[in-house]
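Each remark here refers to the structure printed beneath this line.
Numbering (the working numbering), first residue to last: 1433 to 1671.
See below:
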């Protein structure tokens, strides 16, 4: 329950744990620093530990927890192509490898809906309460474009929340993406729009693969009406 003493509202849904990523490789630099190898860098263990730290750590008394929810397919297609949503739904029921690093096991659909819906719930709570909120969800989303899965990402949660906020009447939105990787899916989704400013701070990786044609360079600034509304800040390793 939210109180005046609360520092942050946190949104959570147990179904985000249902997505099984199996085994996967950590990046070489990160792998060398780990004491123990987890099965996958984006497995359910990661988010279980994050939840435990929030619940048991020093700021636990200042957190107010809220129940998340599932997104509807109509909400998903406000950002993603309808045919793509149908493709991901089928893949999440049957199991399928979508790229070399990105796959779905049977039964993952509920996790994808919970991740998107819980983020939407957090966004709407911010609009209603004017308080900051945190959606603790997985799988992640910033590599997912309108019709492309990439980098462990299937639906772009923050983009869905931005579109939802625009539909609620918010005139200007900024998405600040802070990650070792470029937020290419988010960039692509708003590249020609002037109502959402997209900013990505990431390690300067250089060339990517076919599912990530964007470079993440400072030269990618938007197009058409969106020119100047995309900002990339590539940083050297260790920054």
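Think of the CB as a built atom: it goes at the ideal place given N, C-alpha and C, for glycine as much as any other residue.
State buried or exposed for residue i, treating a residue as buried only when at least 16 other CB atoms are found within 10 Å of its CB.
| i | result |
| --- | --- |
| residue 1560 | exposed |
| residue 1442 | buried |
| residue 1522 | exposed |
Report the rounded CA-to-CA distance for residue i versus residue j, giving the unit in angstroms.
| i | j | result |
| --- | --- | --- |
| residue 1665 | residue 1671 | 11 Å |
| residue 1435 | residue 1496 | Reliability fails at residue 1435, whose pLDDT of 48 lies under 50, so the model's placement of it is uncertain and the value that follows must be treated cautiously. Each residue's Cα considered, the two are about 7 Å apart. |
| residue 1447 | residue 1507 | 18 Å |
| residue 1520 | residue 1586 | 7 Å |
Tell me the residue span of the alpha helix (DSSP H) that contains residue i.
| i | result |
| --- | --- |
| residue 1587 | Per DSSP, residue 1587 belongs to no alpha helix (DSSP H) and is neither H nor E. |
| residue 1622 | 1616-1622 |
| residue 1517 | 1514-1526 |
| residue 1476 | 1476-1488 |
| residue 1506 | 1505-1508 |
Leaving out five residues before and five after residue i in sequence, what residues of the same chain have Cβ atoms less than 6 Å from its Cβ?
| i | result |
| --- | --- |
| residue 1661 | 1626, 1629 and 1654 |
| residue 1528 | 1536 |
Does the beta-carbon distance from residue i to residue j come in below 8 Å?
| i | j | result |
| --- | --- | --- |
| residue 1579 | residue 1516 | yes |
| residue 1639 | residue 1589 | no |
| residue 1501 | residue 1574 | no |
| residue 1453 | residue 1477 | no |
| residue 1593 | residue 1555 | yes |
| residue 1531 | residue 1581 | yes |
Go to residue i, then tell me how far its beta strand (DSSP E) extends in each direction, as first and last residue.
| i | result |
| --- | --- |
| residue 1533 | Per DSSP, residue 1533 belongs to no beta strand (DSSP E) and is neither H nor E. |
| residue 1441 | 1440-1444 |
Leaving out five residues before and five after residue i in sequence, what residues of the same chain have Cβ atoms less than 8 Å from its Cβ?
| i | result |
| --- | --- |
| residue 1557 | 1441, 1443, 1498, 1563 and 1565 |
| residue 1657 | 1624, 1625 and 1626 |
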